[in-house]
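Enquirer:
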Amino acid sequence: MKFDSALGLESRRGPVAVIGKVLIYGLMVAVFTGPLIGLLMSAFSKTLDPTSFTFWPDDFTLENFIQAEDKNVYLYLFNSFVVVGFGLLLQMLVSVFAAYSLARKKFRGMTFVMLLMLTTMMLPEEIIAIPLSLVLADLPGLHLNLIGTYAGMILPVGAWGFSILVMTEFMKEVPVELEEAARIDGAGELRIFATIIVPLCRPALGVIGVFGFTMIWDQYLLPLIVAPASDMWTLPIALRSLRSDEEVGIGVLLAASLLALLPSIIAFLAFQRQFMRGLTSGAVKG
Amino acid sequence: MTSSLAPEPTAPPGRRTPSVRWRGTLIAWLFLAPALLLFLYFKFIPMFVGLWKSLFKVQTFLGDEWVGLQNYQTIITDEDFAAAIWHSVVLALGTTVGSLVLGLGFALLIEGPARYLWFVRTAAFLPVVTTMAAVAEVWRIMYYPGDNGLLNTVVGWAGIGPQPWLGSEDSSLGSIMLMSIWRGTPYDMMIFLAGLVGVDRTLYEAAAVDGASTWRRLRHITLPALRPVFWILFTLAAIRGLRVFVEVYVLTNGGPNGSSEVLMTLIYKLGFQKNELGVASAGGIVLFLATLALTVIVQMLRRRQAT
Chain U
93 MKFDSALGLE
103 SRRGPVAVIG
113 KVLIYGLMVA
123 VFTGPLIGLL
133 MSAFSKTLDP
143 TSFTFWPDDF
153 TLENFIQAED
163 KNVYLYLFNS
173 FVVVGFGLLL
183 QMLVSVFAAY
193 SLARKKFRGM
203 TFVMLLMLTT
213 MMLPEEIIAI
223 PLSLVLADLP
233 GLHLNLIGTY
243 AGMILPVGAW
253 GFSILVMTEF
263 MKEVPVELEE
273 AARIDGAGEL
283 RIFATIIVPL
293 CRPALGVIGV
303 FGFTMIWDQY
313 LLPLIVAPAS
323 DMWTLPIALR
333 SLRSDEEVGI
343 GVLLAASLLA
353 LLPSIIAFLA
363 FQRQFMRGLT
373 SGAVKG
Chain A
9 MTSSLAPEPT
19 APPGRRTPSV
29 RWRGTLIAWL
39 FLAPALLLFL
49 YFKFIPMFVG
59 LWKSLFKVQT
69 FLGDEWVGLQ
79 NYQTIITDED
89 FAAAIWHSVV
99 LALGTTVGSL
109 VLGLGFALLI
119 EGPARYLWFV
129 RTAAFLPVVT
139 TMAAVAEVWR
149 IMYYPGDNGL
159 LNTVVGWAGI
169 GPQPWLGSED
179 SSLGSIMLMS
189 IWRGTPYDMM
199 IFLAGLVGVD
209 RTLYEAAAVD
219 GASTWRRLRH
229 ITLPALRPVF
239 WILFTLAAIR
249 GLRVFVEVYV
259 LTNGGPNGSS
269 EVLMTLIYKL
279 GFQKNELGVA
289 SAGGIVLFLA
299 TLALTVIVQM
309 LRRRQAT
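Sequence order for the protein chains is U and A.
Mapped onto our numbering, the consecutive letters of the first sequence carry residue numbers 93 to 378.
Mapped onto our numbering, the consecutive letters of the second sequence carry residue numbers 9 to 315.
(1) Can you round the beta-carbon distance between alanine 92 of chain A and leucine 278 of chain A to whole angstroms, since I take them to be within the 8 angstroms contact cut?
(2) Can you name the start and end residues of the alpha helix (DSSP H) that valine 205 of chain U belongs to?
(3) Is glutamate 119 of chain A helix, strand or coil when you go by DSSP?
(4) Using Cβ-Cβ distances below 7 angstroms, what residues of the stretch 339-361 of chain U are close to chain A?
(5) With a threshold of 8 angstroms between beta-carbons, can tyrosine 49 of chain A be considered close to chain U, or not?
(6) Cutting at 6 angstroms between CB atoms, please list the residues of its own chain near isoleucine 342 of chain U, excluding the five before and the five after it.
(7) Under the DSSP definition of a beta bridge, which residues are partnered with glutamate 73 of chain A?
(8) Mind listing which residues of the stretch 102-125 of chain U have their C-beta closer than 8 angstroms to chain A's C-betas, in chain order?
(9) If the cut is a Cβ gap below 8 angstroms, which residues of chain U does threonine 289 of chain A touch?
(10) Between the stretch 236-251 of chain A and the stretch 125-132 of chain A, are three or more C-beta pairs nearer than 8 angstroms?
(11) Assuming arginine 191 of chain A and valine 258 of chain A are in contact, meaning their beta carbons sit under 8 angstroms apart, how far apart are those beta carbons, in whole angstroms?
(12) Can you find the residues in the same chain that come closer than 8 angstroms, C-beta to C-beta, to isoleucine 83 of chain A, ignoring five residues on each side of it along the sequence?
(13) Figure out for me which residue from U:Asp310, U:Met120, U:Phe262 has the closest Cα to the Cα of valine 299 of chain U.
(14) How big is the Cα-Cα spacing for serine 62 of chain A and leucine 231 of chain A?
(15) Any C-beta of chain U sitting closer than 8 angstroms to the C-beta of phenylalanine 200 of chain A?
(16) Along the alpha helix (DSSP H) that carries phenylalanine 170 of chain U, what are the first and last residues, could you check?
(17) Determine the contact status of serine 285 of chain A and valine 57 of chain A, defining contact as a CB-CB distance below 8 angstroms.
(18) Measure the Cβ-Cβ separation of valine 256 of chain A and isoleucine 184 of chain A and say whether it is below 8 angstroms.
(19) Would you report the Cα separation of valine 146 of chain A and leucine 131 of chain U, rounded to the nearest angstrom?
(20) To be precise: take each residue of the stretch 280-309 of chain U, compare its Cβ to all Cβ atoms of chain A, and keep it if any distance is under 7 angstroms. Which residues remain?
(21) Excluding the 5 residues flanking serine 356 of chain U on each side, which residues of the same chain have their C-beta closer than 6 angstroms to its C-beta?
(22) Any C-beta of chain U sitting closer than 8 angstroms to the C-beta of phenylalanine 89 of chain A?
(23) CA-CA distance, tyrosine 168 of chain U and alanine 359 of chain U?
(24) Examine the ligand SAH and report whether any of its heavy atoms sits within less than 7 angstroms of the Cβ of methionine 206 of chain U.
(25) Whose C-alpha, out of U:Met184, U:Thr153, U:Asn237, U:Ser225, is nearest the C-alpha of isoleucine 136 of chain U?
(26) Indicate the three-state DSSP secondary structure (helix, strand or coil) for histidine 235 of chain U in the structure shown.
(27) Does DSSP put arginine 294 of chain U in a helix, in a strand, or in coil?
(28) Just checking: is the beta-carbon of lysine 138 of chain U within a distance shorter than 8 angstroms of some beta-carbon in chain A?
(29) I need the straight-line Cα distance from alanine 352 of chain U to methionine 133 of chain U, nearest angstrom please.
(30) Measuring straight from C-alpha to C-alpha, what distance separates leucine 361 of chain U and methionine 259 of chain U?
(31) Could you work out which residues of chain A lie near alanine 251 of chain U, taking near to mean beta carbons separated by less than 9 angstroms?
(32) Count the other CB atoms, across all protein chains shown, that sit within 10 Å of the CB of glycine 71 of chain A; report buried if there are 16 or more and exposed otherwise.
(33) Report yes if the CB atom of glycine 249 of chain A is closer than 8 angstroms to the CB atom of threonine 143 of chain U, and no otherwise.
(34) Less than 8 angstroms between the C-beta atoms of phenylalanine 242 of chain A and methionine 198 of chain A, yes or no?
(35) For methionine 324 of chain U, I'd like the list of residues in its chain whose CB is within less than 7 angstroms of its CB, leaving aside the five on either flank, ordered along the chain.
(36) Less than 8 angstroms between CB atoms is the rule here; does serine 322 of chain U satisfy it with respect to chain A?
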């Protein structure tokens, strides 16, 4: 007998086993993708009220997406893309720079910095939401008010402990010899960083890129605090305001929900390998 | 956990002159500066502001008034807070245990290298990467309490009458839990699968040679090997569960009649709707302490079990 798995289900080939497996796997796929398929189908149907939420589209229509224009859905989508675009760029740059120090340099206070990073990961943003709103309204020492600005939604996600740690672990693997050879050739610090270390870390950039994207895209409490007026809303926090509409019922809500879901799903499917890698390393590191 | 993150010696500092070493330190701090600055402004300063404001009655125009620990006293004695803490704990525990048990079960069922299993895994994983607010809206629609709401139609096939779901005080918390389990199970499943890969295959074969049943193989080889993974998942999920916000805010906003109010929705309402920033800050600190306590307790249990 061969054991590729704990239960050894794969090697069972009798008719009962095959039917059982088809049922179990079919049910699993149905349960976990059902709500998403329902959303996809209903967003393209005429959906007046919750009872017409369906898995089988009756009359295909783009009406919901056309009506969405009047409800500013595309403005919210634009805001979301601005925040995730600049936020992710900032987050990745910050992570790569910080990781370079933590992985390749030896300096006093490093253990302390590591401890700080871990503390920020222990400290979820929900807990500091209220004081964060006070800080954002009047940045200490700078007297800037970030409430109602894109910067208010972008800067707080700029540094993320998870990204920095994943990047640090990866950079430690880059052989010291490469760096020393370049140093002997007279390459400066920034040059070594940009032409040797960062290119070698491309796989890890994929990991922190896809995780950062879903993390920023999924932000809810932060835009809720920062954007009091609807013209600055991101798509996730705007969904509540779309719940009912006289003409298309919940259709606009479904269209907007679909638009809010698709980018992370596409990012996941495109970067699946990197995603799984980050997932296991993230869980193991806490 | 921390040992793998400890600094690793890179280049030997041996022959370097002091000025070179000083320069190296400066460069290190410069590269770290953006991260530290952002953390300072958006994590640490808010943390201290929260701690500070929790000792005041915060008033926008009249100026803050020192009240000492009175805000904490309010939290401890307030019935709404007690109920919210209880709901948070029930929701966190239910979601965590439900996701762990189902995640382990599914992981065992779909372990293996076959191509179709890869497809099942990918499809089942989708809920994890979805945007919370959007799936919560979808579930809110599926929970429609009428006879022809989607979930009521589904339970109707099993001969169960229509349920009120989010609309009743008795089932609102359970309905939120169900959605959270739906979203949490695939994550746990993936981590368990990663753990299962590490189980020594020769042990299975040896057990089979000795005539051990599938159940005993699971009980004595697979489950012990997964124990570390289990504890990590438990801690992560419990912490995440305690600070749950979006799910509740979108699905019920604490209702009906406060039956699903959790700590974070209560804090949010106090802070942004009733402008009780002092009490809300104290609530945040309490939540932080609860998270910390939970982590420490789990670590202690884990250590005791290991010896």
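Built from N, CA and C at the ideal position, the CB exists for glycine as well.
Expert: According to the structure shown:
(1) For the purposes of this step, residue 92 of chain A is identified with residue 84 of the second sequence, where counting begins at 1. For the purposes of this step, residue 278 of chain A is identified with residue 270 of the second sequence, where counting begins at 1. Going by Cβ atoms, the distance from alanine 92 of chain A to leucine 278 of chain A rounds to 10 angstroms, so no, they are not a contact pair.
(2) Position 113 of the first sequence holds residue 205 of chain U. That run of the alpha helix (DSSP H) goes 202-214.
(3) The residue labelled residue 119 of chain A in the question sits at position 111 within the second sequence. Note: glutamate 119 of chain A maps to coil in three-state DSSP.
(4) Ile342, Leu345, Ser349, Ala352, Leu353, Ser356, Ile357, Phe360
(5) Along the second sequence, read from residue 1 onward, the residue named residue 49 of chain A stands at position 41. Answer yes: the Cβ-Cβ gap between tyrosine 49 of chain A and chain U drops below 8 angstroms somewhere.
(6) Position 250 of the first sequence holds residue 342 of chain U. Contacts found: Thr139.
(7) Taking the second sequence and counting its residues from 1, one reaches residue 73 of chain A at position 65. Answer is A:Lys65, bridged to glutamate 73 of chain A.
(8) Glu102, Ile116, Tyr117, Met120, Val121, Val123, Phe124, Thr125
(9) Counted from its first residue, the second sequence places residue 289 of chain A at position 281. A small correction: the amino acid at residue 289 of chain A is serine; threonine does not occupy that position in the sequence shown. Correct list: Ile222, Pro223.
(10) no
(11) Within the second sequence, numbered from 1, the residue matching residue 191 of chain A stands at position 183. Within the second sequence, numbered from 1, the residue matching residue 258 of chain A stands at position 250. Their Cβ separation, rounded to whole angstroms, is 13 angstroms, which puts arginine 191 of chain A and valine 258 of chain A out of contact at 8 angstroms.
(12) Along the second sequence, one-based indexing puts residue 83 of chain A at 75. Cβ neighbours of isoleucine 83 of chain A beyond the five flanking positions: Phe89, Val287, Ala290, Gly291, Val294.
(13) Along the first sequence, one-based indexing puts residue 299 of chain U at 207. Of the candidates U:Asp310, U:Met120, U:Phe262, the one whose C-alpha sits nearest the C-alpha of valine 299 of chain U is U:Phe262.
(14) Locating residue 62 of chain A in the second sequence gives position 54, counting from the first residue. Locating residue 231 of chain A in the second sequence gives position 223, counting from the first residue. Taking the straight line from one Cα to the other gives about 45 angstroms.
(15) For the purposes of this step, residue 200 of chain A is taken as residue 192 along the second sequence, with counting starting at 1. It does not: the Cβ of phenylalanine 200 of chain A has no partner Cβ on chain U nearer than 8 angstroms.
(16) On the first sequence, position 78 is the one that residue 170 of chain U refers to. That run of the alpha helix (DSSP H) goes 165-196.
(17) Position 277 of the second sequence holds residue 285 of chain A. Position 49 of the second sequence holds residue 57 of chain A. A quick correction: the sequence has leucine, not serine, at residue 285 of chain A. Contact: no.
(18) Mapped onto the second sequence, residue 256 of chain A falls at position 248. Mapped onto the second sequence, residue 184 of chain A falls at position 176. Going by C-beta atoms, valine 256 of chain A is nearer than 8 angstroms to isoleucine 184 of chain A.
(19) For this step, residue 146 of chain A is matched to residue 138 along the second sequence. For this step, residue 131 of chain U is matched to residue 39 along the first sequence. Going by the C-alpha atoms only, they are around 7 angstroms apart.
(20) Glu281, Thr306, Trp309
(21) For the purposes of this step, residue 356 of chain U is taken as the residue at position 264 of the first sequence. Closer than 6 angstroms at Cβ, skipping near neighbours: Thr306, Trp309.
(22) Here residue 89 of chain A refers to the residue found at position 81 when the second sequence is read from its first residue. With 8 angstroms as the cut-off, phenylalanine 89 of chain A does not count as an interface residue toward chain U.
(23) For the purposes of this step, residue 168 of chain U is identified with residue 76 of the first sequence, where counting begins at 1. For the purposes of this step, residue 359 of chain U is identified with residue 267 of the first sequence, where counting begins at 1. Going from the Cα of tyrosine 168 of chain U to the Cα of alanine 359 of chain U covers about 19 angstroms.
(24) Absent from the structure shown: the ligand SAH. Ligands present: none.
(25) Here residue 136 of chain U refers to the residue found at position 44 of the first sequence. As written in the sequence, residue 136 of chain U is phenylalanine, which differs from the isoleucine given in the question. It is U:Thr153 whose Cα lies nearest to the Cα of phenylalanine 136 of chain U.
(26) Numbered from its first residue, the first sequence carries residue 235 of chain U at position 143. Of the three classes helix, strand and coil, the one that applies to histidine 235 of chain U here is coil, per DSSP.
(27) Indexing the first sequence from 1 puts residue 294 of chain U at position 202. Looking at arginine 294 of chain U - three-state DSSP - the assignment turns out to be helix.
(28) Position 46 of the first sequence, counted from the first residue, corresponds to residue 138 of chain U. False, the Cβ-Cβ gap to chain A never drops below 8 angstroms.
(29) Walking along the first sequence from the start, residue 352 of chain U turns up at place 260. Walking along the first sequence from the start, residue 133 of chain U turns up at place 41. Answer to the nearest angstrom: the Cα atoms are 15 angstroms apart.
(30) For this step, residue 361 of chain U is matched to residue 269 along the first sequence. For this step, residue 259 of chain U is matched to residue 167 along the first sequence. When rounded, the distance between both Cα atoms is 22 angstroms.
(31) For the purposes of this step, residue 251 of chain U is taken as the residue at position 159 of the first sequence. Residues of chain A passing the Cβ test: Pro42, Ala43, Leu44, Leu45, Leu46, Phe47, Phe50, Lys51.
(32) For the purposes of this step, residue 71 of chain A is taken as residue 63 along the second sequence, with counting starting at 1. Classification of glycine 71 of chain A: exposed, given that the 10 Å Cβ count is below 16.
(33) Your numbering for residue 249 of chain A matches position 241 in the second sequence. Your numbering for residue 143 of chain U matches position 51 in the first sequence. Contact: no.
(34) Along the second sequence, one-based indexing puts residue 242 of chain A at 234. Along the second sequence, one-based indexing puts residue 198 of chain A at 190. Contact: no.
(35) Looking up residue 324 of chain U in the first sequence gives position 232. So the list reads Asn171, Gly240, once near-sequence residues are dropped.
(36) Here the question's residue 322 of chain U lines up with position 230 in the first sequence. No, serine 322 of chain U lies away from the interface with chain A (no Cβ there is under 8 angstroms from its Cβ).
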